[in-house]
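First the structure, in the form of structure tokens, and then the observations on it.
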Amino acid sequence: MPRDPFDDPVSVVPLRVLDEKFLANEVAFRLARPALTMIVPGDTLRRPDGSIDAELIRRIVAERHVAIPATSQRLMRVVFGLATPAWVPANSVDLDWHVTVLPGVHPAGPNARVLSGSSNRLDAKRPLWSIIAADLGDGRIALVSMIHHSVGDGIAGITMISGLLADEPSLPGTGFAPKPVPVGRAPRNQVELLRGHYASWRSRHSTRADAVQDFRRKPLRKRLKRTGGRLIRPLKNAYLVRSGLAERMIPTHSARMLLLPAVRVRQLAKHLGATPTVLTVSAAFVALAALDPGAPRYALTVPLSLDREAAARNHISMVRLVIDATDDLAGLVASVSEQLGRAVKSGETNTVSPRDWAGYASHLPMHSRPQYFGPAEVTSITLWPTLDLDDRIAVFTTTYARSFAIAVLARTDVDIDTATDAVARVFDIPPDPADVGATHQEEVPRGS
Numbered sequence: 001m002p003r004d005p006f007d008d009p010v011s012v013v014p015l016r017v018l019d020e021k022f023l024a025n026e027v028a029f030r031l032a033r034p035a036l037t038m039i040v041p042g043d044t045l046r047r048p049d050g051s052i053d054a055e056l057i058r059r060i061v062a063e064r065h066v067a068i069p070a071t072s073q074r075l076m077r078v079v080f081g082l083a084t085p086a087w088v089p090a091n092s093v094d095l096d097w098h099v100t101v102l103p104g105v106h107p108a109g110p111n112a113r114v115l116s117g118s119s120n121r122l123d124a125k126r127p128l129w130s131i132i133a134a135d136l137g138d139g140r141i142a143l144v145s146m147i148h149h150s151v152g153d154g155i156a157g158i159t160m161i162s163g164l165l166a167d168e169p170s171l172p173g174t175g176f177a178p179k180p181v182p183v184g185r186a187p188r189n190q191v192e193l194l195r196g197h198y199a200s201w202r203s204r205h206s207t208r209a210d211a212v213q214d215f216r217r218k219p220l221r222k223r224l225k226r227t228g229g230r231l232i233r234p235l236k237n238a239y240l241v242r243s244g245l246a247e248r249m250i251p252t253h254s255a256r257m258l259l260l261p262a263v264r265v266r267q268l269a270k271h272l273g274a275t276p277t278v279l280t281v282s283a284a285f286v287a288l289a290a291l292d293p294g295a296p297r298y299a300l301t302v303p304l305s306l307d308r309e310a311a312a313r314n315h316i317s318m319v320r321l322v323i324d325a326t327d328d329l330a331g332l333v334a335s336v337s338e339q340l341g342r343a344v345k346s347g348e349t350n351t352v353s354p355r356d357w358a359g360y361a362s363h364l365p366m367h368s369r370p371q372y373f374g375p376a377e378v379t380s381i382t383l384w385p386t387l388d389l390d391d392r393i394a395v396f397t398t399t400y401a402r403s404f405a406i407a408v409l410a411r412t413d414v415d416i417d418t419a420t421d422a423v424a425r426v427f428d429i430p431p432d433p434a435d436v437g438a439t440h441q442e443e444v445p446r447g448s
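Each residue of the sequence shown is one higher than the one before, starting from 1 at the first, in UniProt numbering.
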């Protein structure tokens, strides 16, 4: 007797109120899209005619994404805006839509626009992720993945992508395949959705009295304001799109990417007594000084996990750092290290209003050993920052196996070449590093 899918338990994972800001309007939705680029040798992912084998890539994703619940969840909105939207299982995941091959050849050079995710697409009615494969023209293939920030932050994105990788090369069906993670079923109606919402909220409190106290903690006026905002949001978004205002509000950005051996960065970090995060933030400050050499002070923010919640997909706080103008790299590194250490101990973000920081900088490590996407070894991984409307520049670095990737994203009114050269000097990278074999410079419209 066939199993009735409606026998599965209802799965409802409410979106946190803090994460709802990424869905506040069409502009916020389009900006909040972190991307990650993996570069692989292309020979094992091609058909006999030399074209990229889209079906093979989809079979690799199909075999492994079933163990990553977030890739099979979509957002479901609550009637009348009574609560935040919730993550529920999608009825199906159309891999033909989520995993695509970009037509043509996209050389890793001045016109390599795809590497930071400018060609990826997301649909609010589907699970919020996508992967594109692009032919770099030199035999290599770039696999550019993107999630939405409401799904999670950079750490959550790394966890998702890591689920698609393996320690050994294999073709679909021939190696170790992860066991699918049961995701339950989506609510059949709004009543089931509200029940699931309530059950999730109630499970966070040990007693009913605690739950009632938590509910009363937030003023009714604030709750009504949030509900009203959810009700008018679709109308505002429709106006933003139809009037063309969303397109005009989203700025275009320039992007640069550098790859170098991780061993060189470890040697530099050891010499300066710093971590890769401290080096990255210091390099970002050097870039700001190069862009505005006459300024007496410079400010940036750094994302840190100051109050991590086990169940939270986004758990990052932005910590503001300020340094005085200095040409002393060792002194700069010491100041950055001291301020970051103080923030971790105190939990204080040091942010001010009105904001005075130009953007942010961060570093995230990935696998220490080479990973494989199906039969293809991943030779480098680059995490890209996202910029909000007020950010001018961001610097993001990623350590993976033997590679160290630097991604610089800036508004087009910022001289990104000057900024990138300044970052390169901190890491002692020649302007066009032959030993890296890949320097990417691109103009990227982040709203596309």
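C-beta atoms are modelled at their ideal positions from N, C-alpha and C, and glycine is treated no differently.
Starting from residue i, trace the beta strand (DSSP E) in both directions and tell me its first and last residue.
i              : result
glutamine 73   : 73 to 76
valine 88      : 86 to 89
tryptophan 129 : 129 to 135
methionine 146 : 140 to 147
leucine 45     : Taken as a continuous stretch (DSSP letters only), leucine 45 belongs to no beta strand (DSSP E), as it is neither H nor E.
alanine 407    : 403 to 411
isoleucine 323 : 317 to 324
proline 276    : From DSSP, proline 276 is part of no beta strand (DSSP E) but of the alpha helix (DSSP H) over 276 to 291.
threonine 399  : 393 to 400
proline 303    : 297 to 304
threonine 382  : 380 to 384
Residue i to residue j, Cα distance in whole Å?
i              : j                 : result
threonine 252  : alanine 410       : 9 angstroms
asparagine 111 : arginine 64       : Unreliable placement is indicated for asparagine 111, whose pLDDT of 44 sits below 50; no coordinate value is reported for it.
isoleucine 141 : alanine 376       : 10 angstroms
leucine 194    : serine 200        : 10 angstroms
leucine 95     : arginine 58       : 6 angstroms
arginine 204   : phenylalanine 215 : 12 angstroms
alanine 70     : alanine 156       : 10 angstroms
valine 144     : aspartate 292     : 33 angstroms
valine 423     : serine 243        : 40 angstroms
proline 354    : proline 370       : 44 angstroms
alanine 35     : alanine 209       : 43 angstroms
alanine 419    : alanine 290       : 6 angstroms
valine 61      : valine 302        : 32 angstroms
valine 436     : alanine 299       : The predicted position of valine 436 is uncertain, since its pLDDT is 37 and thus under 50; a value taken from the coordinates is nonetheless stated next. In a straight line, the C-alpha of valine 436 is about 31 angstroms away from that of alanine 299.
leucine 224    : aspartate 324     : 45 angstroms
valine 414     : proline 180       : 46 angstroms
alanine 246    : valine 27         : 6 angstroms
asparagine 120 : serine 170        : 26 angstroms
arginine 77    : lysine 222        : 19 angstroms
alanine 32     : alanine 394       : 14 angstroms
lysine 345     : leucine 220       : 34 angstroms
valine 101     : glycine 154       : 24 angstroms
threonine 326  : valine 281        : 14 angstroms
tyrosine 360   : valine 151        : 21 angstroms
valine 191     : serine 92         : 22 angstroms
proline 261    : glycine 175       : 30 angstroms
glutamate 443  : leucine 272       : Its pLDDT being 42, under 50, glutamate 443 is placed unreliably in this model, and the coordinates cannot settle the point.
glycine 42     : proline 48        : 12 angstroms
valine 241     : alanine 401       : 43 angstroms
Nearest to residue i by alpha carbon, out of the options?
i              : options                        : result
glycine 137    : Ser51, Ser243, Gly173          : Ser51
alanine 269    : Ile57, Ala330, Gly104          : Ala330
serine 403     : Gly42, Thr379, Leu383, Trp384  : Thr379
leucine 279    : Gly228, Ile250, Arg230, Thr399 : Thr399
isoleucine 232 : Gly81, Phe22, Thr386           : Gly81
valine 322     : Ala358, Gly104, Leu304, Asp328 : Ala358
threonine 349  : Arg320, Gln267, Ala334         : Arg320
asparagine 45  : Asn25, Val10, Gly139           : The displayed chain sequence assigns leucine, not asparagine, to residue 45. Ranking Asn25, Val10, Gly139 by Cα distance to leucine 45 puts Gly139 first.
arginine 255   : Ser206, Ser317, Leu383, Gln190 : In the sequence on display, residue 255 carries alanine and not arginine. The shortest Cα separation from alanine 255 among Ser206, Ser317, Leu383, Gln190 belongs to Leu383.
threonine 37   : Leu115, Leu18, Ala83           : Leu115
serine 118     : Met146, Pro107, Ser92          : Met146
glycine 104    : Ile132, Trp87, Leu122          : Ile132
alanine 54     : Val99, Glu20, Pro14            : Val99
isoleucine 68  : Ala334, Ile158, Ala274         : Ile158
How far does the alpha helix (DSSP H) with residue i in it reach, from first residue to last?
i              : result
residue 449    : Residue coverage of the chain in this structure runs from 1 to 448, which leaves residue 449 outside it and unanswerable.
tryptophan 357 : Per DSSP, tryptophan 357 belongs to no alpha helix (DSSP H) and is neither H nor E.
arginine 256   : It is not in any alpha helix (DSSP H) - arginine 256 instead sits in the beta strand (DSSP E) that spans 253 to 261.
glycine 104    : Run containing glycine 104: none in the alpha helix (DSSP H); it sits in the beta strand (DSSP E), 99 to 105.
alanine 211    : 208 to 217
Just to confirm, does residue i get its C-beta within under 7 angstroms of one of the non-hydrogen atoms of the ligand HEM?
i          : result
valine 181 : No copy of the ligand HEM appears in this structure; indeed no ligand is present at all.
Which whole-angstrom value is the C-beta distance of residue i and residue j, which I expect to be below 8 angstroms?
i                : j                 : result
leucine 165      : phenylalanine 373 : 6 angstroms
threonine 412    : isoleucine 406    : That pair is no contact at about 20 angstroms.
phenylalanine 29 : alanine 124       : 7 angstroms
leucine 75       : proline 85        : 5 angstroms
valine 12        : histidine 148     : With a Cβ gap of about 19 angstroms, valine 12 and histidine 148 do not count as contacting.
serine 162       : proline 127       : 17 angstroms between Cβ atoms; not a contact.
proline 276      : histidine 363     : 5 angstroms
valine 10        : arginine 185      : 6 angstroms
Does any C-beta atom of chain D lie closer than 8 angstroms to the C-beta of residue i?
i            : result
arginine 126 : Judged by its chain identifiers, the structure shown contains no chain D, having just a single protein chain.
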